[in-house]
Every structure is written in C-alpha cells, then in structure tokens.
Amino acid sequence: NLSKLIQTMQVQWLMLLLATPIAGQKMKCVQTDDGTGEGTDCPTNSYQKCSQPVFAEYTGMPEGIKYKCGRCSEDTDGKTCKTCTASAEGPCNKPDQEIGEPFGCFAWSWGEESGKWEQSKEASKCYRLKSTGIKCNKPGTNAESKDSYTPTAGGCGPCAQTAEKEGQKCAECEMNNCNNAAYD
Numbered sequence: 049n050l051s052k053l054i055q056t057m058q059v060q061w062l063m064l065l066l067a068t069p070i071a072g073q074k075m076k077c078v079q080t081d082d083g084t085g086e087g088t089d090c091p092t093n094s095y096q097k098c099s100q101p102v103f104a105e106y107t108g109m110p111e112g113i114k115y116k117c118g119r120c121s122e123d124t125d126g127k128t129c130k131t132c133t134a135s136a137e138g139p140c141n142k143p144d145q146e147i148g149e150p151f152g153c154f155a156w157s158w159g160e161e162s163g164k165w166e167q168s169k170e171a172s173k174c175y176r177l178k179s180t181g182i183k184c185n186k187p188g189t190n191a192e193s194k195d196s197y198t199p200t201a202g203g204c205g206p207c208a209q210t211a212e213k214e215g216q217k218c219a220e221c222e223m224n225n226c227n228n229a230a231y232d
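In terms of the working numbering, the sequence shown opens at residue 49 and continues consecutively.
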C-alpha cells in the first residue's frame, strides 16, 4: 500500500511539473481588440490563461471584451467571454469563428400615441457568422397590440418566439433591409 501511495504521489508531481511553465517562459496570447495578428508574449510569466470575446449571432462582439492575457472576469466568463489555457508555443485565443459581412435590418417599437408598430428611421447594423444567412424580423399581420410581438436586437435575426411566427404576429425575411415597411 505504501509503494502504491508513493507511486501515485510521483505521478501527481510529474503531472504538476509538466503543467507548470519553465521559470522565465512567457505564455503567448492574442492581444488585440479584434483578434487579428499573431500571439505575442504576455507581459509576465505569471499569466496561465488567455481570453477572448464570444461572438453572438446578429449582435456581434460584446462591448469591452478584448483578446488578452489573463482570464475573463467572473461575470463574463462563459457568457460574453471565453477563457483558455495559455501556452508558450502559441496562442489559444485565436478567433475560432469566421465572421460574415454585416447587413441591415430595421428596428420596430410600439407607438404609444399611434397605437401601432412603428419602424425606425435608420437600419440597424446586424452581424453574423459566415455560415449564417441574413435574417430580419418585423411585426406580422396579426401583431395588433404591444404584447403581440417581441422585438429583437434592432430587428436582426429570426422571430424571438416560434409561436409568434406561427401565429403571424412576427414575420421573417432574408435580404438586407428586408423588414422595411415600404416592402409591405
């Protein structure tokens, strides 16, 4: 039993040694606002993690989250930010999704005075992955009250609720700026 305990402890120490960077060895992380460029050495060898923003379909990259050395903050980790284990060989936080061309959609809001849905004057800028198609939404023909349609981020993306689409309270279209009232 004692020899088995010693053997287990030796394996644990070996694993710890392999996981610990050599003194003076700096980890590499991408350290730019937009994720472009190669990984560069972190300022000190105390960094063991890199982090990067998490792209959200139709809304894009989150504000204030950068590609950097160090972990994400507790309130953003796994939501708008992603942490990975740093390496001296190369960055673990390179962009891992191909972003497509932005497109436009119009936002819709309920007009308290008019008692009907009103379109924004300017189109919102919508963001997508290269593999994702263009999609906008707007109030459907049966969206007759403030609570009948759920507006999404600037009219970008699909209807927020399947039931609204099925009940014609929300309509979707698949072209740039296609949810413009002028197209009705």
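We treat Cβ as the ideally placed atom computed from N, Cα and C, and that holds for glycine.
Practice problem: Reducing DSSP to helix, strand and coil, say where alanine 229 ends up. | Solution: helix
Quiz item: What's the C-alpha gap between threonine 84 and tyrosine 115?
Solution: 9 Å
Quiz item: Exposed or buried, which one is threonine 212 when buried takes at least 16 other CB atoms within 10 Å?
Solution: Looking at the sequence provided, one finds glutamate at residue 212 rather than threonine. With 16 or more other Cβ atoms within 10 Å, it is buried.
Self-check item: Rounded C-alpha distance that separates threonine 88 from cysteine 140
Solution: 11 Å
Quiz prompt | Residues that glycine 93 bridges to, as DSSP identifies them | solution = This sequence places asparagine at residue 93; glycine is not what is there. For asparagine 93, which the question treats as bridged, DSSP gives no partner whatsoever.
Quiz item: From this set, Thr210, Cys204, Glu214, Ala208, which residue's C-alpha is nearest methionine 223's C-alpha?
Solution: Cys204
Quiz item: alpha helix (DSSP H) containing alanine 211: first to last residue?
Solution: 210-214
Quiz item: Taking C-beta to C-beta, are threonine 131 and cysteine 117 nearer than 8 Å?
Solution: no
Exercise. Indicate the three-state DSSP secondary structure (helix, strand or coil) for glycine 159 in the structure shown.
Key: strand
Quiz item: Among residues of its own chain, excluding the 5 on either side of phenylalanine 154, which ones have a beta-carbon nearer than 6 Å to its beta-carbon?
Solution: Gln167, Ser168, Ala171, Gly203, Asn227, Asn228
Quiz item: Alpha carbon to alpha carbon, what distance is there between tyrosine 106 and cysteine 221?
Solution: 14 Å
Quiz item: By the 10 Å Cβ neighbour count, where 16 or more other Cβ atoms means buried, how is glycine 152 classified, buried or exposed?
Solution: buried
Quiz item: Looking at the structure shown, is alanine 136 part of a helix, part of a strand, or coil, going by DSSP?
Solution: coil
Quiz item: CA-CA distance, cysteine 10 and glutamate 122?
Solution: In the structure as shown, the chain starts at 49 and stops at 232, and residue 10 therefore has no counterpart that could be examined.
Exercise. Starting from the C-beta of serine 179, find all residues in its chain whose C-beta is less than 8 Å away, skip the five residues before and the five after it, and write them out in chain order.
Key: Glu146, Gly148
Quiz prompt | Span separating the alpha-carbon of lysine 217 from that of methionine 109 | solution = 29 Å
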